[in-house]
Structures are given as C-alpha cells and as structure tokens.
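Colleague: Below are the structure tokens for one structure; questions will follow.
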C-alpha cells in the first residue's frame, strides 16, 4: 500500500472531500491555522528572546518559560488539528508538493529541539534563572527554535506556490 | 546542532532560488495584458479550495481541439457570485473571459464565465478594465 | 470624501507597476508580512494576557509591556512596510474589497487604541481592577479583527 494510495484514500473520504469543496469551512479552518501562528510561534519567540537575553531580562527564565509555554502548547494543538484537516482535504495535491514535505521535516526538527533543550541545559535552570543573559547552550537552542519556526512559516506559505 | 543550523540555512537559501510559480500573486503567474476569450465544452470540474479549476475543450484556429484550464475562485466566492457546483455539467459549452498564463501554458485566470443558459458570473474587480468587465471606466 | 482618486494615483506609481510585473517579490514580501504578524501577535498576546492576569501574575505588568514595546513597534513597522507593496500589486481590487476596507478601519482603531489608551494603562506595575482587563480585552479584540479581516480579503 503505497503512500500515494494512502493519500488518495484520505483525500477521497467524506470529511476531507466536504472540507475541500466547502464554501465556508475551508476558509475558516485555514484562517484559524494562519492566525494561530501568533499563539504558537509568536509566544515561543518571546521565550526564545528571553533565552537570548534580549527581552524580559529581569524576569526569571523559569517564570517566562513556565507561564508562556502553555500558550505555545495550546497554539501547537490548534495548528496540529487544523493542519491535519487541511492536509487531509488536499492530500493528493500535497503529496507532490516540495514545500509541504520540507515543512514536515522541519516540524520534526522543531519538535526535537525543545526535547533536547529540556533534557539537557534547561535542567540546570535554577543556576542561571536570574541571569540576564543565559548560558551559550540555551542561546543556541533559542536560535535554533527561532530559525526553525521562521523556516516552517516560510515553507508553509510556499505550499501555495507549487502546483 | 551545527548540522541543523547549516541544513536550515541551506533550505531557506534554496527556497529563494527555486523557481516559484507564484500563483497567489496574480501578476506573477498571469499576464495582465493578455486578455482572451475561450469558448469550449466542459470536460472536467475541480470544485475545490483554495481555487477551482474548469477544463474546456477549445477549437483552435487550425480546427484542433485543445484542452484549456481555467482557474477560478474557491467554492465560497463562486457561490456568492451566483455559481454553484451543480450549475456546471460536463459537455456544457462555456464562454470564459480571462488572462493568459505568463508561461504560455493552456491556463487562464478566469474573470467572467458565461453559462449555456446565458447567465454569467463575474469575478474581477468592477472598473478594472479587465476581460469581461462591463463597468464604465472612471 | 472619495478615496478613489488616491487609489488611482497609487495604482499608477512605479511601485505598483513593479509589484505587478515581479514574479517573486509578492511572495517574499507576503512571507515577511506573515512573520511580522507572528511577532506582533506574540507580543500582543503576552502583554494583554498579563493585563488580564492570565499569565505572569507575579511579575510587573508595566515592565513587561515596556520591555516588549520595541518589538511591538518594530513588528508594526514590518507590517506597514510589507503591507504597502502588497496593496500596490492589486490596488483597485483592494479599493473595492470590503474586507480590505474593514481591515484598514480596524488597524487604525487598534493603532489609535494602543498609542492613546493601552500605553497609559500599562504604566502601573501591579494592575488590578476592571480597567486594565477592559483595555486588554479591547486590544485583543481589535487586533484579532485586523487579522480576520485580512484573511477575508482573499475569500471575497
């Protein structure tokens, strides 16, 4: 069962077809996906800027991360659900779309980055919690995060340009 | 870690040189100076978001049948302009006014579609002087 | 007062012609507009959710707002500098588009509200009571309206 056949099957299901041919639902789902970028990438950027020692330097890192990341996670859930719906509706078209494939790869990397960060350098956060400028490994993680989310947004937008 | 940064930098650079068929910028894919009117039989309808596509068989000046694609708005916008999915039947003769694709392919950005019963649906900006525009110029 | 002559003038500028002729300029500038939106939205969410007492309740609201203000203003600059070329590529379509007009109206209101009211409220460190919450609510509603109207442009 090839991946293309799976995409075709998903594409042809009732819900996916209904969304693809809808008058209002698709515009709404796509708009939620675009506007929720603020909730997901916008909020995590500010945590990254704290890790880089650029903003909120007087606020402890654990406070900024602890209070803002739940917003990021909520945003990620919204992006994942709306993204899955859009992907299902356009499954066949997206199968051959290079920007979409790149976006998926980047999403995996974007997931790995915080996992690595939280299990390594963030474990010692109490030692550098009040530093205006956190240790270099935290700053590297922040740059990776900012770069990855920027690239994901760019590749997501580029999807429309390949058909 | 460094490998990741390098890969990302490479991607972002690569994307900028990859030839883009920038279809969300009308003017990047379609030629605003090449208006055309096509008359042909409907062979296929792609009633989908974000854009719909209608394919018609058009007889060229040599008498050959050539299949053309007409890009239209999504189902929501079409419906608001008076066109519903069921209005189009395979085999119907349609008159489509639009702009030709810049790459010379058999694709147009459809502006006005005239159905067999005489009804027509206009998708352009009133007064922009484009194909199918009947609003007096201001 | 009709804005039609202004839009006609805009439509005849070199910028407009350049945007209409370019293959990739629109795409790249639109991506910048989207990245600016991410940053603008992030800052607005953090500051207003703090004013609502939803996040960072133990940290001073005035300092947070003041600290993030350069990023709010910077991202607004990005939005305007990218937005103008985007409009210039399809001036008359924007003129006749109801969603575009609404977006510009909400944008003007959001800007006016931010510079006229919002910044005054965030001057107190530990905001309490209904005033900062009301201001935060209006701010969020206005910016969200700009975003939704912007999305609607393409669907009308």
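Residue numbers (our numbering), protein chains in the order written: chain A, 37 to 199; chain B, 64 to 201; chain C, -4 to 151.
Quick reminder that beta carbons are idealized off the backbone N, C-alpha and C, glycines included.
For clarity, every value in this text was computed on a predicted model and none was experimentally measured.
Taking the alpha carbon of residue 109/A as the reference point, which residue from 184/A, 71/A, 161/A, 77/A has its own alpha carbon closest?
Modeller: Closest option to residue 109/A, Cα to Cα, is 77/A.
Colleague: Tell me, which residues are paired with residue 93/B by DSSP?
Modeller: Note: residue 93/B sits in a beta bridge opposite 164/B.
Colleague: Cβ of residue 186/B within 9 Å of Cβ of residue 135/B?
Modeller: Yes; because the gap between Cβ atoms is below 9 Å, this pair is in contact.
Colleague: Using only alpha-carbon positions, find the residue among 174/B, 179/B, 127/B, 145/B that is nearest to residue 116/B.
Modeller: Out of 174/B, 179/B, 127/B, 145/B, 174/B has the C-alpha closest to the C-alpha of residue 116/B.
Colleague: Just to confirm my understanding: we take residue 75/A, look at its own chain, exclude 5 residues before and 5 after, and list those with CB closer than 7 Å. What are they?
Modeller: Answer for residue 75/A: 107, 110, 111, 114, listed in chain order.
Colleague: Can you name, in chain order, every residue of its own chain whose Cβ lies under 7 Å from the Cβ of residue 98/A, other than the five neighbours on each side?
Modeller: Same-chain partners within the cutoff: 161, 165.
Colleague: For residue 24/C, collect the residues of the same chain with a Cβ closer than 7 Å to its Cβ; drop the 5 residues on either side in sequence, then sort them by chain order.
Modeller: Around residue 24/C: 77, 80, 81.
Colleague: Measure the beta-carbon distance from residue 71/A to residue 146/C and round it to whole angstroms, keeping in mind my assumption that it falls under 8 Å.
Modeller: The Cβ separation is near 7 Å, so the contact holds.
Colleague: Select from 15/C, 139/C, 50/C, 151/C the residue whose C-alpha is nearest the C-alpha of residue 95/C.
Modeller: Considering only alpha carbons, the answer is 151/C.
Colleague: If you measure between the beta carbons of residue 116/C and residue 105/C, is that distance less than 9 Å?
Modeller: No, the pair does not count as a contact, with Cβ atoms beyond the cut-off.
Colleague: Cα separation between residue 127/A and residue 112/B?
Modeller: Those two C-alpha atoms are separated by around 12 Å.
Colleague: Among the candidates 22/C, 20/C, 51/C, 60/C, whose CA atom is the shortest distance from the CA of residue 35/C?
Modeller: Nearest of 22/C, 20/C, 51/C, 60/C to residue 35/C, Cα basis: 60/C.
Colleague: Taking the alpha-carbon positions, what's the residue 136/A to residue 48/A distance?
Modeller: Spanning the two alpha carbons is a distance of roughly 19 Å.
Colleague: Flag this pair as touching only if the segment 52 to 68 of chain A and the segment 95 to 103 of chain B have three or more C-beta atom pairs under 8 Å; answer yes or no.
Modeller: The answer is no - the segment 95 to 103 of chain B does not touch the segment 52 to 68 of chain A, with fewer than three Cβ pairs under 8 Å.
Colleague: Who are the neighbours of residue 63/A on chain C, taking C-beta pairs under 7 Å?
Modeller: 150, listed in chain order.
Colleague: Is there contact here, the segment 129 to 138 of chain C with the segment 68 to 76 of chain C, by at least three beta-carbon pairs under 8 Å?
Modeller: Touching, no.
Colleague: Measuring alpha carbon to alpha carbon, tell me which of 114/B, 110/B, 107/B ends up nearest residue 199/A.
Modeller: Of the listed residues, the one whose Cα sits closest to residue 199/A is 114/B.
Colleague: Sort 127/B, 124/B, 137/B by Cα distance to residue 172/B and report the nearest one.
Modeller: When only C-alpha atoms are compared, the closest one is 137/B.
Colleague: So is residue 143/B buried or exposed if we call it buried at 16+ other beta carbons inside 10 Å?
Modeller: Exposed, since its Cβ has fewer than 16 Cβ neighbours within 10 Å.
Colleague: Going by DSSP in three states, residue 185/A sits in which element: helix, strand or coil?
Modeller: Here residue 185/A sits in helix by DSSP.
Colleague: So residue 138/B contacts chain A; which residues on that side make the cut at Cβ distance below 7 Å?
Modeller: In chain order: 57, 58, 59.
Colleague: Between residue 44/C and residue 193/A, which are expected to be in contact by the criterion C-beta below 8 Å, what is the C-beta distance as a whole number of angstroms?
Modeller: Going by Cβ atoms, the distance from residue 44/C to residue 193/A rounds to 26 Å, so no, they are not a contact pair.
Colleague: Quick check on residue 66/C - is its C-beta less than 9 Å from some C-beta in chain A?
Modeller: So yes, residue 66/C belongs to the interface.
Colleague: For residue 165/A, name the three-state secondary structure that DSSP assigns.
Modeller: If DSSP states are grouped into helix, strand and coil, residue 165/A belongs with coil.
Colleague: Would you mind telling me which residues of chain C sit closer than 7 Å to residue 198/A, beta carbon to beta carbon, in chain order?
Modeller: The contacting residues do not exist; residue 198/A stays about 11 Å from chain C at best.
Colleague: For a cutoff of 9 Å on Cβ pairs, would you count residue 131/B as touching chain A?
Modeller: No, residue 131/B does not count as interfacial toward chain A.
Colleague: Kindly indicate which three-state DSSP category residue 8/C falls into: helix, strand or coil?
Modeller: Residue 8/C: coil per DSSP, three-state reduction.
Colleague: On the premise that residue 62/C lies in contact with residue 141/A, defined as a C-beta separation below 8 Å, what is that separation, rounded to the nearest angstrom?
Modeller: Incorrect: roughly 35 Å between the Cβ atoms, too far for contact.
Colleague: Just how far apart, CA to CA, sit residue 156/A and residue 167/B?
Modeller: Their backbone Cα atoms lie some 55 Å apart in a straight line.
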